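Here is the structure we will look at, set down as C-alpha cells.
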C-alpha cells in the first residue's frame with residue numbers, strides 16, 4: 054500500500070522543486086506609440102480670418118494650446134494637453150464668437166474637434182494606440198481652419214451672383 058503513495062508524493066516533490074521562472078513585469082512606458090514629428094501640420098488661418106480670430110481671446114488660447122500637441126514628449130504630457138484642450142473648449146463654446154465667425158458651419162466643425170478630443174482622451178485612458186485618432190483630430194482642426202478661411206476671406210458677393 055505504501056508503494057502507491059510514494060509515486061504521487063515523488064511527483065509532487067519533483068514538480069514543486071522546479072526553478073521559478075522570472076516574471077517579466079513591464080512597466081507602462083511613457084513613450085507614445087507614434088512620433089510627434091510624423092504628424093501633419095495644421096492649416097493656419099490667413100488674412101482677415103487671422104485678424105478676426107486674434108480678437109477672439111478664447112479661440113486664441115485654444116489655438117495656442119492646440120499647438121502644444123506638437124511639443125509633447127510622452128503619453129502623460131500628451132494626455133495632459135488633450136485634457137487642457139477639452140477645458141479650453143468649454144470656454145470656447147461658452148464665449149461669444151465674432152459675427153464673421155458665427156456660423157453653423159464653423160460651430161459644427163468645432164463640435165467634430167471636440168468629438169475627436171474625447172476619442173483621443175479615451176484611447177489614452179485605456180492605454181491604446183491613439184495615432185489614428187490624433188491624425189483625425191488634426192484633420193478636423195485643419196478643416197475647421199479651412200472653413201474659417203473660406204467664410205471670412207471669400208470676396209465673392211453672393212447677392213450679385215444670385216441676382217443674375
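Residue numbers (our numbering): 54 to 217. Just so you know, even glycine gets a beta-carbon here, dropped at the ideal spot from N, CA and C. Every value quoted in this text rests on a predicted model; they were computed, and no experiment measured them.
Which same chain residues, not among the five before or five after residue i, have their C-beta less than 8 Å away from its C-beta?
i, result
"residue 108", "151"
"residue 178", "132"
"residue 86", "182, 183, 184"
"residue 206", "99, 100, 101, 102"
"residue 136", "174"
"residue 113", "106, 107"
"residue 186", "169, 172, 173, 176"
So residue i and residue j are in contact, right, with Cβ under 8 Å, and what is the actual spacing, rounded?
i, j, result
"residue 158", "residue 204", "7 Å"
"residue 170", "residue 138", "6 Å"
In or out: residue i buried (at least 16 other Cβ within 10 Å) or exposed?
i, result
"residue 183", "buried"
"residue 166", "buried"
"residue 162", "buried"
"residue 215", "exposed"
"residue 144", "exposed"
"residue 104", "exposed"
"residue 59", "exposed"
"residue 64", "exposed"
"residue 84", "exposed"
In whole angstroms, give me the CA-to-CA distance for residue i and residue j.
i, j, result
"residue 80", "residue 129", "Because residue 80 sits at a pLDDT of 46, beneath the cut-off of 50, its placement in the model cannot be relied upon, and the point is left open."
"residue 123", "residue 134", "10 Å"
"residue 188", "residue 68", "52 Å"
"residue 88", "residue 117", "21 Å"
"residue 208", "residue 202", "11 Å"
"residue 91", "residue 190", "14 Å"
"residue 180", "residue 119", "21 Å"
Between which residues of its own chain and residue i is the CB-CB distance below 6 Å, once the five residues before and five after are set aside?
i, result
"residue 96", "195, 198, 199"
"residue 153", "105, 205"
"residue 62", "none"
"residue 125", "131, 134"
"residue 115", "141, 145"
"residue 111", "144, 145, 148"
"residue 121", "134"
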